[in-house]
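Chains as they are written, first to last, in this note's numbering: chain U, -13 to 336; chain L, 41 to 377.
Glycine included, each C-beta is placed from N, C-alpha and C at the ideal position.
Data block below; observations after.
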């Protein structure tokens, strides 16, 4: 689980070429999987249709009813899955690298808990449903601010960050719990639904907003991503190389948390995607580069899409939130990883 | 070793006034818990009611509702405090707590499934399920935390956190399927000692007592364990067996507490730290001290919950979480540099 230093990123070599080829291969596999699975997602449902019909309907041709179903129900849900999966996984990868720790994910740092809090608060205040994503975004940022304020004391070492994150998460969870207990039962139901992470009932306006914001943040992240390689050299060396260390780190942190909160605002706090996908990609592709980051995004989108298809079509139970599946799939995997490696936090306190 | 021993022994009598102070605080909490609430009852009436003069409505509130509630609070608080100090002792981790072992989440899932499948409606019917759920989760986390025959603190915390995420998401899944379950379970899931009759407490007394006896019995050994496993082994202590006994005690104590009151966080974490501030690091004082500090914390949180939201009240589990989260943040700042 050690993040290897990667001189390869600073100068070309055989290793780098091989790694890049592999990353591109895996990225292509993911992209192909996304294309196939998306077609499946568009064609399956209460009204099953052939792949060709579904694709035509998505473009607005064919039977009016089919076009309506595909364009208004299936396509937004698909888009939400892809966007949230990619966003969460990318955010996880950058955070893990920034803190040189596999645990520094938005799940653990309270950001997704904050998003739940914000969303449920919007429900509690009785505001329109369309304000929920904004509430979630605000809640996520609030958690990040709390984390920064409480965790900062001449630096932000990882162990402390993880622990303070757990504290922030616990406090915000208590607030959510309080609202759920006080709610009338219908509201309590929607609160529980939202806080488990679900892709049900997404609408285009929400997704368009989130998509624009996500793309913006993603672009910012890619622009900054190269400085991570320099930061990996250590604060002093990075400083000598002319990087404003604290400023770069803060900028990366803010963009990442914004990305995670945006994803969570769209779908609710879907567990384990941000935590597990970067690990998986690191195992398959190797040390992080900008290409790897892109592969991570693709892999996250694929994973969430698969989980959502499982939730919708492969399980005998209707209406299960996708977060339940990602947690059920992700947790054993993470536990196995943990059992195979030595304690990840204690040995490496930044 | 001998010099350390004598200083420790000498320290004990000096700490006795502090223990007395603890008892006084506990007594005060009990009295306030009997007297305060949606309806404030004058102290005289409280005393009269306890002595058996139960005619008035005030007296009925005291003996019928607040007395059982206070007894439950005493037992649950003591169990959580003791479980907390033992968990911290056997893992040598100041951030470990019964909650970290997944105890709350395990109990929550078991109770929610029981309500969903068996249509239970009363806390006394949840007892068995909650206890078994809590115990299973704790044992699972403890198994995960084992490495080379020993408990790795970091693995314990991580494993517990992961387990908790999963159990909570399964719990929500069940809650979403049945509105009836959600409506029934959400109050229990908040963690509360209100409206608990003594019949909820009585079935758990055997496990509580056995847990408490084990916990108190291994207190001196926890001092040796604090020196590190190698040193403890060199001194001839059966480290593995002590740790196993500690785990059994924690499962019994925390499992019973959750079964009776629902998931209440942070008492097990806070009590040992509070006591350590006052009484020092000697487990022979620390462990009994937590028996007092646990109920003091729980009862004061419960009383606070009654006063804040008058005439309604806040579930004690929510109050402890709000108070406990900043505490955890402070502890994290101090321990993890």
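Contacts of residue i in chain L (Cβ-Cβ under 8 Å)
| i | result |
| --- | --- |
| residue 63 of chain U | Within 8 Å Cβ-Cβ: nothing; residue 63 of chain U doesn't reach chain L, min ~17 Å. |
| residue 181 of chain U | 212 |
| residue 310 of chain U | 209, 210, 212, 213 |
Burial state of residue i (16 or more Cβ within 10 Å)
| i | result |
| --- | --- |
| residue 157 of chain L | exposed |
| residue 115 of chain U | exposed |
| residue 233 of chain L | buried |
| residue 313 of chain U | buried |
| residue 281 of chain L | exposed |
| residue 348 of chain L | exposed |
| residue 34 of chain U | exposed |
| residue 297 of chain L | buried |
| residue 56 of chain L | exposed |
| residue 210 of chain L | buried |
| residue 22 of chain U | exposed |
| residue 324 of chain U | buried |
| residue 133 of chain L | buried |
| residue 303 of chain U | exposed |
Partners in chain U for residue i, counting only beta-carbon separations shorter than 8 Å
| i | result |
| --- | --- |
| residue 222 of chain L | 171, 174, 175, 178 |
| residue 184 of chain L | 321, 324, 325 |
Closer than 7 Å at the beta carbon, the chain U residues around residue i
| i | result |
| --- | --- |
| residue 219 of chain L | 171, 175 |
| residue 235 of chain L | Within chain U, no residue comes near residue 235 of chain L; the closest Cβ sits about 14 Å away, beyond 7 Å. |
| residue 273 of chain L | Near residue 273 of chain L there are no residues of chain U at all, since even the closest Cβ is about 21 Å away, more than 7 Å. |
Contacts that residue i makes with chain U (C-beta to C-beta distance below 9 Å)
| i | result |
| --- | --- |
| residue 226 of chain L | 163, 166, 167, 169, 171, 174, 178 |
Amino acids of chain L, ordered along the chain, whose beta-carbon sits closer than 9 Å to that of residue i
| i | result |
| --- | --- |
| residue 134 of chain U | The contacting residues do not exist; residue 134 of chain U stays about 12 Å from chain L at best. |
| residue 242 of chain U | Within chain L, no residue comes near residue 242 of chain U; the closest Cβ sits about 20 Å away, beyond 9 Å. |
| residue 245 of chain U | Ordered by position in chain L, no residue passes the 9 Å Cβ test against residue 245 of chain U, which lies about 21 Å from the chain. |
| residue 149 of chain U | 135, 197, 368, 369, 371, 372, 373, 375, 376 |
| residue 110 of chain U | Within 9 Å Cβ-Cβ: nothing; residue 110 of chain U doesn't reach chain L, min ~14 Å. |
| residue 295 of chain U | Here the premise fails: no neighbours, minimum Cβ distance about 17 Å. |
| residue 307 of chain U | 209, 212, 213, 216 |
| residue 157 of chain U | 361, 362, 364, 365, 366, 368, 369 |
Residue i in three-state terms, based on DSSP
| i | result |
| --- | --- |
| residue 86 of chain U | coil |
| residue 162 of chain L | coil |
| residue 226 of chain L | helix |
| residue 106 of chain L | helix |
| residue 186 of chain L | strand |
| residue 52 of chain U | helix |
| residue 91 of chain U | coil |
| residue 192 of chain U | helix |
| residue 303 of chain U | coil |
| residue 269 of chain L | helix |
| residue 258 of chain L | coil |
| residue 277 of chain L | coil |
| residue 60 of chain L | helix |
| residue -6 of chain U | For residue -6 of chain U, the predicted model reports a pLDDT of 44, less than 50, meaning its position is unreliable and no value from the coordinates is stated. |
| residue 35 of chain U | coil |
| residue 353 of chain L | coil |
| residue 275 of chain U | coil |
| residue 235 of chain L | coil |
| residue 44 of chain U | helix |
| residue 111 of chain U | coil |
| residue 331 of chain L | helix |
| residue 74 of chain L | helix |
| residue 305 of chain L | coil |
| residue 390 of chain U | Residue 390 of chain U cannot be examined here, being either before or after the span of chain U that is shown, -13 to 336. |
| residue 260 of chain U | helix |
Presumed contact (8 Å Cβ cut-off) between residue i and residue j, rounded CB distance
| i | j | result |
| --- | --- | --- |
| residue 151 of chain U | residue 133 of chain U | 6 Å |
| residue 245 of chain U | residue 98 of chain U | Contact flag wrong, Cβ pair sits at about 12 Å. |
| residue 73 of chain U | residue 249 of chain U | 3 Å |
| residue 185 of chain U | residue 7 of chain U | Contact flag wrong, Cβ pair sits at about 34 Å. |
| residue 115 of chain L | residue 291 of chain L | The Cβ separation is near 16 Å, so there is no contact. |
| residue 222 of chain L | residue 215 of chain L | 4 Å |
| residue 122 of chain L | residue 293 of chain L | 5 Å |
| residue 267 of chain U | residue 278 of chain U | 6 Å |
| residue 238 of chain U | residue 136 of chain U | Their Cβ separation, rounded to whole angstroms, is 20 Å, which puts residue 238 of chain U and residue 136 of chain U out of contact at 8 Å. |
| residue 137 of chain L | residue 124 of chain L | 5 Å |
Beta-carbon neighbours of residue i, restricted to chain L and to distances below 7 Å
| i | result |
| --- | --- |
| residue 160 of chain U | 358, 361, 362, 365 |
| residue 73 of chain U | Under the 7 Å cutoff, chain L gives no residues; its nearest Cβ is about 19 Å from residue 73 of chain U. |
| residue 253 of chain U | Simply none; closest approach about 14 Å. |
| residue 131 of chain U | Here the premise fails: no neighbours, minimum Cβ distance about 13 Å. |
| residue 314 of chain U | 206 |
Mind listing, in chain order, the continuous alpha helix (DSSP H) runs of no fewer than 4 residues lying wholly within the segment 117 to 187 of chain U? The qualifying runs are 118 to 137, 144 to 168, 171 to 182.
Ranges of the alpha helix (DSSP H) found wholly within the segment 195 to 254 of chain U, counting only runs of at least 4: Segments of the alpha helix (DSSP H) lying fully in the segment 195 to 254 of chain U: 221 to 226, 231 to 253.
Which parts of the segment 76 to 154 of chain L are runs of the alpha helix (DSSP H), unbroken and 4 residues or longer, counting only runs that do not cross its ends? For secondary structure counted as the alpha helix (DSSP H) over 4 or more consecutive residues, the segment 76 to 154 of chain L holds these complete runs in sequence order: 83 to 90, 97 to 100, 107 to 131.
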